[in-house]
Amino acid sequence: MSDDPTDDRDPTEDTDGSGDSDPTNDRDPTEPPAFDDGRRHSWPGEPEWPVVESAVEYETGWVTAGYDLVEQPNGSRKRYYWAELASAVVVVARADDQLLFVEQYRPTIRRTQLELPAGIVEAGESYTAAAERELQEETGFQAGSTALLQEVWCCTGLLRHRRAFVFAEDLTPAEQSLDDNEFLTPRSVPVAEAVEVAREGSTNDATIEGVLLASEEDLL
1 MSDDPTDDRD PTEDTDGSGD SDPTNDRDPT EPPAFDDGRR HSWPGEPEWP VVESAVEYET
61 GWVTAGYDLV EQPNGSRKRY YWAELASAVV VVARADDQLL FVEQYRPTIR RTQLELPAGI
121 VEAGESYTAA AERELQEETG FQAGSTALLQ EVWCCTGLLR HRRAFVFAED LTPAEQSLDD
181 NEFLTPRSVP VAEAVEVARE GSTNDATIEG VLLASEEDLL
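full-length UniProt numbering applies: residue 1 is where the sequence shown begins, and numbers increase by one.
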């Protein structure tokens with residue numbers, strides 16, 4: 001029943017006039033829907049969320065931001081604001097009994113963080129190729145073997161941004177090649193302490209997720 005005090009509809013009323021139950025409820029709830037545009041369609045048994053209007057209000061080449069005016073299941077309309085970023089990759093790189101991290105200052109939160117190597121996936125790159133590139137650029141190590149652990153959506157209440165986690169091993173020294181706007185220092189943490197370090201306050205969500213995923217796969 002609606003929580004809206006102005007909603008005087010009879011909850012037992014047949015809204016489509018057919019007298020039949022929604023046929024989508026008969027579908028297997030474990031099966032994903034056939035997404036067309038990634039936004040309008042929902043899981044079986046749930047209503048559509050039509051996008052009435054979509055607008056871009058801010059664009060830098062690094063981030064695009066705007067809103068979608070969406071018709072909600074109760075018929076009301078609401079603006080949902082979003083920011084769109086290119087996909088990123090996080091690298092869980094093991095060198096024998098050590099896990100590679102990078103220490104860097106994050107102006108956004110005004111704190112120095114100990115994080116897993118990470119970066120934006122460039123056009124045409126696979127996640128594993130991006131992981132190999134970012135690992136070498138940030139730490140100066142080249143991976144002999146990489147494997148995709150997981151791909152996820154991030155901060156879905158605000159962002160249109162996908163993140164992948166890649167495990168890297170068989171590392172050999174190479175040349176570090178930082179971008180002009182990267183100021184970071186490679187660090188290493190004993191594998192046995194990686195989970196504990198990742199749960200400390202001086203790290204971020206991607207680091208915690210990457211370390212826990214690798215640990216779950218018995219890679220640490």
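Beta carbons: idealized from backbone N, C-alpha and C, even for Gly.
Contact check between the segment 134-149 and the segment 180-191: three or more CB pairs, one atom from each, fall below 8 Å, which counts as touching. Taking C-beta separations shorter than 6 Å and ignoring five residues to either side along the sequence, the partners of R94 in its chain run E169, following chain order. With 16 or more neighbouring CB atoms inside 10 Å of its own CB, T128 falls in the buried class.
Residues S87, A88, E151, V152, W153 and C154 of the same chain have their beta carbon placed closer than 8 Å to that of R162, with the five preceding and five following residues left out of the count.
The Cβ neighbour count for E200, taken over all protein chains shown within 10 Å, is under 16; the residue is labelled exposed.
Nearest Cα to T156 within the set Y80, L69, L220 and L114: Y80. Between V91 and Q176, the alpha-carbon positions lie close to 15 Å from each other.
The straight-line gap separating the alpha-carbon atoms of L116 and N74 is approximately 43 Å. Taking C-beta separations shorter than 7 Å and ignoring five residues to either side along the sequence, the partners of L213 in its chain run L149, Q150 and F165, following chain order. Cβ-Cβ separation between L171 and A131: approximately 12 Å, too far for a contact (criterion under 8 Å). Comparing C-alpha distances from R106 to each of G210, P190, T203 and E216 shows the shortest one belongs to T203. Straight-line measurement puts the Cα of T146 at about 22 Å from the Cα of E193. Within the UniProt domain "Nudix hydrolase" (82-213), the runs of alpha helix (DSSP H) at least 4 residues long that lie entirely inside it are, in chain order, 127-139 and 194-198. In terms of Cβ geometry, A118 and A174 do not form a close pair [threshold 8 Å].
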